[in-house]
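The next block holds one structure in the form of C-alpha cells; read it before the comments.
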Amino acid sequence: MSTYPKEVSKGTKMNSILGLMVFFAFSSVLVVACGPTEVPFREKSYDEKLNIMGVKVFPELKKMFEEFDSKKYANFSCKTCHGEGHDKYKMPGKIVALDPNNIPKNDDKDARLAKYSKFMREKVQPKVAELLGMKAGPDGIGCFTCHAKK
Ligand code: HEC
Ligand code: HEC
86 MSTYPKEVSK
96 GTKMNSILGL
106 MVFFAFSSVL
116 VVACGPTEVP
126 FREKSYDEKL
136 NIMGVKVFPE
146 LKKMFEEFDS
156 KKYANFSCKT
166 CHGEGHDKYK
176 MPGKIVALDP
186 NNIPKNDDKD
196 ARLAKYSKFM
206 REKVQPKVAE
216 LLGMKAGPDG
226 IGCFTCHAKK
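Start counting the sequence shown at 86; every next residue gets the next number (this note's numbering).
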C-alpha cells in the first residue's frame, strides 16, 4: 500500500488500527466529496438537470445519433428525446411509444426495428445511464424512461 502512512506501520498495534481507521474515514470523505453522484440526478434542482442535459447528455447523444443515421438525425435536438410539445421535459418523452408486451429485440423480424433495438440497448441506454450516474435497466434508465407505453 503506497498511500499507507509510514508512521502507522512503525507504531504500536493500537496505533496502526487507529491509523487505519483515520485513513479509511478520510478516504470515504474524499469519495463523498468528489464522487460523481453526490446528489442523485433525480433529486437535483430543475436548473441543475437542465445544465447536465445541455453540457453532458445532448452533445454525447447527438454524436451517437448522427453516427447511427446522419440523415434522419441531422437536426438532433432536445426534442428528439423529449418530443414535440413536451411538458417541461417530463419523461417519458412524446416520442414513438413502445408496446411493453412486444418490445423490439435485436433479432426482430423487422430489420429496421432490430437495428434500433441494438442501438438502444448497446449505445443509447448505457450512455445516458452512465452520464446521469444511474443503472441501465428498469430500476434506472430503461426503455420506458424515454418511451411511453403503447
Ligand atoms: C438522449 C436523450 C435526451 C436528450 C437529447 C435530452 N434529454 Fe433531457 N432527459 C433525458 C432523460 C432520459 C431524462 C430523465 C432522467 C430520469 O430518469 O430522471 C431527462 C430529463 C430532463 C430534465 C428533467 C425533467 C424532470 O422533470 O425532472 C430536463 C429539464 C431535461 N431533460 C432537459 C433537456 C434539455 C434542455 C435538453 C437539450 C439540451 C435535453 N434534455 C436533451 C433524455 C434526454
Ligand atoms: C434515453 C432515451 C431512450 C432510451 C433509454 C431508449 N430509447 Fe429508444 N428511442 C429514443 C429516441 C430519441 C428514439 C428516436 C425517435 C425518433 O426517431 O423520432 C428512439 C427510437 C427507438 C425505436 C425506433 C422506433 C420507431 O418505430 O421508429 C425503437 C424500436 C426503440 N427506440 C427501442 C428502444 C428499446 C427496446 C429501449 C430499451 C432497451 C429503448 N428504446 C430505450 C430514446 C430512447
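Beta carbons: idealized from backbone N, C-alpha and C, even for Gly.
Item                                                                                                                                                        : Value
Is G170 near ligand 2, in the sense that its beta carbon is under 8 Å from a heavy atom of that ligand?                                                     : no
Going by beta carbon distance, what residues of the same chain come within less than 7 Å of M193, once the five residues before and after it are set aside? : For clarity, residue 193 is Asp in the given sequence; the question names Met instead. Answer for D193: A199 and S202, listed in chain order.
Mind the definition here: the segment 174 to 187 touches the segment 220 to 230 only if three or more C-beta pairs lie below 8 Å; say whether that holds.   : yes
Please tell me whether K134 and F126 are closer than 9 Å, where the distance is taken between their beta carbons.                                           : yes
Could you compute how far the alpha carbon of G225 sits from the alpha carbon of A159?                                                                      : 28 Å
Taking the C-alpha atoms as reference points, what is the distance between K129 and N136?                                                                   : 11 Å
Apart from the five residues on each side of it in sequence, which residues of its chain come closer than 6 Å, Cβ to Cβ, to P185?                           : K234
Compare the Cα-Cα distances from F55 to each of K148, K164 and V124 and report the closest residue.                                                         : The structure shown does not extend to residue 55, since the chain spans only 86 to 235, so no value can be given for it.
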